[in-house]
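Novice: I have a structure here, written as structure tokens, and I will follow up with some questions on it.
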Amino acid sequence: MDHSLFRALTQLGDDSLILGQRLCEWCGHAPTIEVDLGLSNLALDLIGQATLLLDYAGEVEGGGRDADALAFHRNAEQFANCLLAEQPNGDFARTVVRHLFFATYASALYEALAASPDARLAEIAAKAVKELRYHADFAADWAERLGDGTEESRARMAEALDWHWRFVNDLFHDDRDWAACAARGLVPLRQSLRYGFERDVSAILERAGLALPRKVWPIVGGRSGQHSEHLSVLLATMQVLPRAHPEAVW
Amino acid sequence: MPLPSDLAGRIAAILADVPDPEIPAVSIIDLGIVREVGGDDGAAWVALTPTYSGCPATSAIGRAARDALDAAGLEGVSIRIVLSPAWSTAMITPQGHDKLRRYGIAPPSATGESGPCACPRCGSLSTHEISRFGSTPCKALWQCDACLEPFDRFKCH
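As given, the protein sequences belong to chains A and B, one line each in that order.
Its first residue numbered 1, the first sequence is counted upward by one per residue in my numbering.
Its first residue numbered 251, the second sequence is counted upward by one per residue in my numbering.
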């Protein structure tokens with residue numbers, strides 16, 4: 001088995017799956033019906049990408065596991081998503097900032113992956129990048145509107161930026177498996193995307209009258225399965241039915 | 251061995267009658283979801299492509315195409331899903347554009363979403379976006395300033 005490729009694909013698939021599951025929690029609770037639809041649509045894109053990526057990961061692993069087996073029958077420490085994706089939705093500002101960080105990172109990453117010599121990964125990425133650019137636009141739109149809105153919305157955006165900034169180091173962490181795939185030219189090093197990320201996010205925030213925090217948080221661990229407690233709670237909800245009825249089909 | 255052209259034509263004609271499950275005014279041929287009809291050693295196949303990675307209609311479309319082919323006695327024609335090249339709104343046929351407009355959905359414009367969008371009801375160019383997300387992943391929600399009707403607009407990508 002190509003272990004490092006399996007791990008890299010799991011990292012990509014788990015990011016999409018976990019963030020998609022988080023966004024689903026907004027369904028029926030968003031500030032307006034349009035935002036409710038919007039967040040559900042973003043979730044749908046992400047879960048679709050996760051299915052393609054985890055099915056491929058299962059094939060690379062060669063043990064007969066498909067996307068469903070990987071999604072529903074692994075425990076928290078076996079998940080390789082970034083810490084940012086699993087963070088609770090919080091208020092709408094926190095959801096917007098989380099998505100701004102993730103979608104800005106992911107659209108640059110998938111643009112590079114669309115040129116991967118791994119043809120299967122490249123075609124999944126070519127599909128995903130078009131969707132993720134839309135995600136980045138959506139988040140940038142709202143970041144501007146809230147940052148440039150009322151005193152209340154602006155304060156909440158500043159708080160949300162400060163909160164989620166601590167997970168950005170982990171978002172760009174190149175663990176051993178990812179670095180091994182990068183050395184083979186299959187994926188770009190995440191660190192190589194960080195400058196562009198900070199430039200793009202800073203430009204959006206500047207238009208919103210906001211700025212990136214200056215503090216540096218050295219937390220990493222998502223890629224190697226060291227998660228915050230929030231992931232277990234999310235998985236308990238997501239996995240309860242398939243775990244209770246592992247043979248069920250519909 | 252390539253597929254005999256009469257069989258390929260027959261398959262295409264059958265699929266031209268399969269409506270999109272979420273926008274039944276257009277067929278899966280109109281939307282460009284049917285990527286190719288081909289054959290390997292005489293075994294015919296149909297390649298379908300999803301509009302979006304997570305489009306929930308993808309499996310329903312596969313089933314509807316399967317049912318239509320079976321009903322026509324073409325049980326041996328297989329269906330495969332292809333991702334590459336990625337679907338884009340440029341694959342919607344001119345006939346598909348007309349059908350969408352008549353159905354009340356603004357078709358994707360070549361100038362992209364920042365360009366003007368004609369109201370599919372009254373034709374006014376004075377329209378604005380309400381939300382980037384509409385009733386399905388492939389559409390945005392717009393409103394006409396002249397007749398005030400809200401309408402769906404196909405995203406351009």
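We put the beta carbon where it would ideally sit given N, CA and C, even for glycine.
Got a sec, what are the start and stop residues for the alpha helix (DSSP H) V397 (chain B) sits in?
Specialist: Strictly speaking, residue 397 (chain B) in this sequence is Cys, with Val absent from that position. Looking at the DSSP string, C397 (chain B) is not in any alpha helix (DSSP H), and its letter there is neither H nor E.
Novice: So within the segment 91 to 151 of chain A, which uninterrupted alpha helix (DSSP H) runs reach at least 4 residues, ignoring any that extend past its ends?
Specialist: Correct list: 92 to 113 and 119 to 147.
Novice: Identify every run of the alpha helix (DSSP H) within the segment 142 to 209 of chain A, keeping only runs that are complete inside it and at least 4 residues long; order them along the chain.
Specialist: Whole alpha helix (DSSP H) segments, 4+ residues: 151 to 165, 168 to 171, 176 to 183 and 194 to 207.
Novice: Which residues in chain B sit within 9 Å of Q49 (chain A), going by Cβ to Cβ distance?
Specialist: Neighbours of Q49 (chain A) on chain B, chain order: S303 and G304.
Novice: How would you list, in chain order, the residues of chain A whose beta-carbon sits under 8 Å from the beta-carbon of P357 (chain B)?
Specialist: What P357 (chain B) touches in chain A: nothing, since even the nearest Cβ is about 18 Å away.
Novice: Roughly how many angstroms lie between the CA atoms of R22 (chain A) and R352 (chain B), to the nearest whole one?
Specialist: Rounded to the nearest angstrom, the two C-alpha atoms are 38 Å apart.
Novice: Going along the chain, which residues of the segment 367 to 382 of chain B sit with their C-beta nearer than 7 Å to a C-beta in chain A?
Specialist: From the segment 367 to 382 of chain B, only I380, S381 and R382 have a Cβ closer than 7 Å to chain A.
Novice: Would you identify the three-state DSSP class for F79 (chain A), choosing helix, strand or coil?
Specialist: If DSSP states are grouped into helix, strand and coil, F79 (chain A) belongs with coil.
Novice: Rounded to whole angstroms, what is the Cα-Cα separation between C372 (chain B) and L132 (chain A)?
Specialist: So the two alpha carbons sit approximately 33 Å from each other.
Novice: To the nearest angstrom, report how far apart F102 (chain A) and H164 (chain A) are at their CA atoms.
Specialist: Their backbone Cα atoms lie some 10 Å apart in a straight line.
Novice: Mind listing which residues of the segment 331 to 344 of chain B have their C-beta closer than 9 Å to chain A's C-betas, in chain order?
Specialist: Cβ contacts with chain A come from V332, L333, S334, P335, A336, W337 and S338.
Novice: Nearest CA to the CA of D317 (chain B): which residue from B:P269, B:P306 and B:R285?
Specialist: Taking only the C-alpha atoms, the option nearest D317 (chain B) is B:P269.
Novice: Please say whether G58 (chain A) and A71 (chain A) have beta carbons closer to each other than 8 Å?
Specialist: No, Cβ-Cβ distance for A71 (chain A) and G58 (chain A) is not below 8 Å.
Novice: Are at least three pairs of beta-carbons, each pair with one atom in the segment 189 to 205 of chain A and one in the segment 252 to 260 of chain B, less than 8 Å apart?
Specialist: No, they do not touch.
Novice: State the beta-bridge partners of E379 (chain B) as determined by DSSP.
Specialist: Answer is B:W392, bridged to E379 (chain B).
Novice: Whose C-beta lies closer than 6 Å to the C-beta of L46 (chain A) among residues of the same chain, with five residues either side of it excluded?
Specialist: Around L46 (chain A): S16, L19 and G20.
Novice: What distance in whole Å lies between the Cβ atoms of A297 (chain B) and E272 (chain B), which are believed to be in contact at a cut-off of 8 Å?
Specialist: Their Cβ separation, rounded to whole angstroms, is 21 Å, which puts E272 (chain B) and A297 (chain B) out of contact at 8 Å.
Novice: Threshold first: 3 residues or longer. Then list the beta strand (DSSP E) segments lying entirely within the segment 320 to 347 of chain B, N to C.
Specialist: Here the runs fully enclosed are 328 to 331.
Novice: Would you please verify whether the beta carbon of P269 (chain B) is less than 8 Å from any beta carbon of chain A?
Specialist: No, P269 (chain B) lies away from the interface with chain A (no Cβ there is under 8 Å from its Cβ).
Novice: List, in order along the chain, the chain A residues whose C-beta lies closer than 7 Å to that of P204 (chain B)?
Specialist: Nothing about residue 204 (chain B) can be read from this structure; chain B reaches only from 251 to 407.
Novice: Does the segment 141 to 153 of chain A come close enough to the segment 74 to 87 of chain A that 3 or more CB-CB pairs lie under 8 Å?
Specialist: Segments in contact, no.
Novice: Short of 6 Å in beta carbon distance, which residues of its chain neighbour D36 (chain A), apart from the five on each side in sequence? Order them along the chain.
Specialist: Correct list, in chain order: A30.
Novice: Could you tell me the alpha carbon to alpha carbon distance between I380 (chain B) and Q393 (chain B), rounded to whole angstroms?
Specialist: Those two C-alpha atoms are separated by around 7 Å.
Novice: On the DSSP letters alone, give me the boundaries of the beta strand (DSSP E) that D290 (chain B) sits inside.
Specialist: Note, D290 (chain B): beta strand (DSSP E), V284 to D290.
Novice: Pairs of beta-carbons, one from the segment 169 to 182 of chain A and one from the segment 221 to 229 of chain A, closer than 8 Å: are there three or more?
Specialist: With the cut-off at 8 Å, the segment 169 to 182 of chain A and the segment 221 to 229 of chain A touch.
Novice: Spell out the partners DSSP gives P269 (chain B) in its beta bridges.
Specialist: Looking at the DSSP assignment, P269 (chain B) forms a beta bridge with B:S277.
Novice: For the alpha helix (DSSP H) containing A368 (chain B), name the first residue and the last one.
Specialist: Neither: A368 (chain B) is in no alpha helix (DSSP H) and is coded neither H nor E.
Novice: Taking Cβ positions only, does L52 (chain A) come closer than 8 Å to chain B?
Specialist: True, the Cβ-Cβ gap to chain B drops below 8 Å.
Novice: Using 8 Å for Cβ pairs, my map puts G304 (chain B) next to P387 (chain B). What's the rounded Cβ distance?
Specialist: With 8 Å as the limit, G304 (chain B) and P387 (chain B) qualify as a contact, their Cβ atoms being about 7 Å apart.
Novice: Where do the N-terminal and C-terminal ends of the beta strand (DSSP E) with L253 (chain B) fall, by residue?
Specialist: Note, L253 (chain B): premise wrong, no beta strand (DSSP E); not H, not E.
Novice: Are the beta-carbon atoms belonging to F13 (chain A) and L42 (chain A) less than 8 Å from one another?
Specialist: Checking the sequence, you will find Gly at residue 13 (chain A) rather than Phe. No, Cβ-Cβ distance for G13 (chain A) and L42 (chain A) is not below 8 Å.
Novice: Hey, is K215 (chain A)'s beta-carbon within less than 8 Å of any beta-carbon in chain B?
Specialist: So, not an interface residue.
Novice: Can you name the start and end residues of the beta strand (DSSP E) that V220 (chain A) belongs to?
Specialist: Here V220 (chain A) belongs to no beta strand (DSSP E), and DSSP marks it neither H nor E.
Novice: Between B:I342, B:R260, B:T377 and B:D320, which has its C-alpha nearest T299 (chain B)'s C-alpha?
Specialist: For the residues B:I342, B:R260, B:T377 and B:D320, the minimum Cα distance to T299 (chain B) belongs to B:I342.
Novice: Return helix, strand or coil for V296 (chain B), following the three-state DSSP convention.
Specialist: It is a strand residue.
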